[in-house]
Amino acid sequence: MSNPEGVVVAASAESSGTVAIDAGILDQMIEIRRHLHRNPELSNHEANTQRYLRQMLAGEGISDIRDVAGFGLAVDIVGTGKPSNRKIAIRADIDALPIEEESGVDYASANPGVMHACGHDAHASMGFAVAAHLHRSRADFGGTVRLIFQPAEEDSPSGGKRVVEEGLLDDVDAAICLHVDPYTPSGKIAVRSGPYTLACDTFDAVVIGEAAHAAKPYEGIDAIAVACSMVGELQKIVSREIDPYDPLVISVTGINGGSAYNVVAGKVALKGTIRSGSDATRERAWRRVGEILEGMAASHGADVELTIHKGEPGVVNDGEMAELIAASGKACIGADNVLDTPGWTIADDFGYYSERRPSVYFRLGIRNEAVGSVFPLHHPKFRVDEAALKVGAATLVAAATGFLSAQPENTD
Numbered sequence: 001m002s003n004p005e006g007v008v009v010a011a012s013a014e015s016s017g018t019v020a021i022d023a024g025i026l027d028q029m030i031e032i033r034r035h036l037h038r039n040p041e042l043s044n045h046e047a048n049t050q051r052y053l054r055q056m057l058a059g060e061g062i063s064d065i066r067d068v069a070g071f072g073l074a075v076d077i078v079g080t081g082k083p084s085n086r087k088i089a090i091r092a093d094i095d096a097l098p099i100e101e102e103s104g105v106d107y108a109s110a111n112p113g114v115m116h117a118c119g120h121d122a123h124a125s126m127g128f129a130v131a132a133h134l135h136r137s138r139a140d141f142g143g144t145v146r147l148i149f150q151p152a153e154e155d156s157p158s159g160g161k162r163v164v165e166e167g168l169l170d171d172v173d174a175a176i177c178l179h180v181d182p183y184t185p186s187g188k189i190a191v192r193s194g195p196y197t198l199a200c201d202t203f204d205a206v207v208i209g210e211a212a213h214a215a216k217p218y219e220g221i222d223a224i225a226v227a228c229s230m231v232g233e234l235q236k237i238v239s240r241e242i243d244p245y246d247p248l249v250i251s252v253t254g255i256n257g258g259s260a261y262n263v264v265a266g267k268v269a270l271k272g273t274i275r276s277g278s279d280a281t282r283e284r285a286w287r288r289v290g291e292i293l294e295g296m297a298a299s300h301g302a303d304v305e306l307t308i309h310k311g312e313p314g315v316v317n318d319g320e321m322a323e324l325i326a327a328s329g330k331a332c333i334g335a336d337n338v339l340d341t342p343g344w345t346i347a348d349d350f351g352y353y354s355e356r357r358p359s360v361y362f363r364l365g366i367r368n369e370a371v372g373s374v375f376p377l378h379h380p381k382f383r384v385d386e387a388a389l390k391v392g393a394a395t396l397v398a399a400a401t402g403f404l405s406a407q408p409e410n411t412d
């Protein structure tokens with residue numbers, strides 16, 4: 001892959017080289033991560049997070065820090081070394097989740113019901129470390145690295161979509177992001193080209209029956225019974241209609257109806273998510289969800305109102321960008337610690353980036369039983385092995401500078 005100007009995006013391990021980030025920056029990275037963990041904020045409400053990160057970046061002498069995508073920040077670190085007109089973006093998301101923390105760490109959330117249970121505090125702190133290191137060493141490289149501290153990855157309206165709409169990728173050649181991974185051993189990284197996360201859509205359905213006395217259910221239409229039938233039938237789309245090698249996940253994540261012990265519910269609300277790996281399967285899942293819900297409602301004499309909300313696209317890793325991350329990781333931590341593993345079924349609005357520019361999304365292993373970082377993402381006991389963060393920051397630096405130093409192809 002090359003951009004329209006015909007420049008190579010891949011870099012070798014030799015061009016990336018090893019990265020030695022100052023110990024003071026690494027210490028500050030941990031301090032920032034713990035501050036953010038103690039003070040989490042939900043999507044599209046990250047005002048204090050934005051203010052704090054701005055303060056920390058400015059403390060490094062970094063200027064021209066811009067507000068973006070609502071409560072996000074963007075900063076360009078411009079190298080003054082060998083001339084280069086190349087520019088690469090690094091995304092670090094910053095929002096938290098509506099989860100009551102049970103991790104037991106000393107710096108646990110002080111905001112009841114809100115927790116950094118997906119590691120975005122770690123992503124933001126690694127983004128800071130990358131910015132600080134590159135700012136201090138800007139005489140050693142040419143080109144521009146744009147750090148995007150993105151809000152609202154976890155909820156709508158999507159921060160990733162706003163980043164694209166505001167033109168932050170219009171003048172960059174490629175984009176990178178990483179995500180902490182509690183399933184991969186601490187300190188290793190995982191990357192592979194091709195589809196790497198799934199597209200994510202959500203749906204709301206209202207089942208409309210007819211209320212009745214609970215002692216005489218035959219006089220009404222039990223919306224709860226209809227909804228339960230729908231939940232079971234929806235699972236057959238994946239298990240009986242889709243090739244097992246074609247990713248699709250359909251989960252009903254909420255059911256709400258009924259208000260009294262002695263009344264058959266006349267209305268029930270369902271909600272859920274559809275995760276898909278291809279456009280064709282995405283469209284088929286939408287159609288089949290509608291057909292099944294309508295069919296089940298009709299068979300019980302009920303009605304249903306369905307709304308499907310289109311969400312973020314899946315992340316597709318560019319082949320040469322994936323090679324760049326693999327080479328950079330090998331240079332920083334050795335070939336044995338760089339894993340070629342498939343993507344995962346989570347969704348990430350970095351998919352909006354990968355639709356626009358050659359991009360790569362890679363995973364940083366944080367699984368370490370000794371520190372208790374073994375719980376899955378979005379779990380109230382989720383923890384991060386902070387010792388792994390220096391690996392993530394170093395790999396990002398090596399990949400960014402390796403990309404910027406790559407030479408144009410001869411297109412004559």
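Here my numbering is used: position 132 in the sequence shown is 132, and no number is missing along the way. Think of the CB as a built atom: it goes at the ideal place given N, C-alpha and C, for glycine as much as any other residue. Fair warning: this is a prediction, and the values are worked out from it, not measured in the lab.
- Between the region 141-155 and the region 320-330, the count of C-beta pairs closer than 8 Å stays below three; the two stretches do not touch.
- Boundaries for Leu-198: no beta strand (DSSP E) harbours it, and the DSSP string shows neither H nor E there.
- In the displayed model, Ala-174 falls within a strand according to three-state DSSP.
- As the crow flies, the alpha-carbon of Cys-118 is around 46 Å from that of Ala-215.
- At a Cβ-Cβ threshold of 8 Å, Leu-234 and Gly-277 do not count as neighbours.
- Secondary structure note for Lys-267: its beta strand (DSSP E) is the uninterrupted segment 267-276.
- In this structure Thr-197 is not in contact with Arg-367, their Cβ atoms being roughly 19 Å apart against a cut-off of 8 Å.
- By DSSP's assignment, Thr-307 forms a beta bridge with Asp-204.
- Excluding sequence positions up to five before and after Trp-286, its CB lies within less than 6 Å of the CB of Ile-308, all in the same chain and listed in chain order.
- In the DSSP assignment, Ser-359 falls within the unbroken beta strand (DSSP E) covering 359-367.
- Counted as a single uninterrupted DSSP element, the stretch harbouring Asn-48 is not any beta strand (DSSP E) but the alpha helix (DSSP H) occupying residues 47-59.
- Counting every other CB atom within 10 Å of its CB across the protein chains shown gives Ser-299 a total below 16, marking it as exposed.
- Under the 10 Å beta carbon count, Gln-55 is surrounded by fewer than 16 other beta carbons and is classified as exposed.
- In the displayed model, Ile-189 falls within a strand according to three-state DSSP.
- Around the beta carbon of Arg-240, a 10 Å sphere encloses fewer than 16 other beta carbons of the protein chains shown; the residue is thus reported as exposed.
- When the Cα atoms are used, Gln-150 and Phe-71 turn out to be separated by approximately 8 Å.
- Rounded to the nearest angstrom, the Cβ distance from Val-315 to Leu-134 is 24 Å, too far for a contact under 8 Å.
- A straight line joining the alpha-carbon of Arg-91 with that of Met-115 spans about 20 Å.
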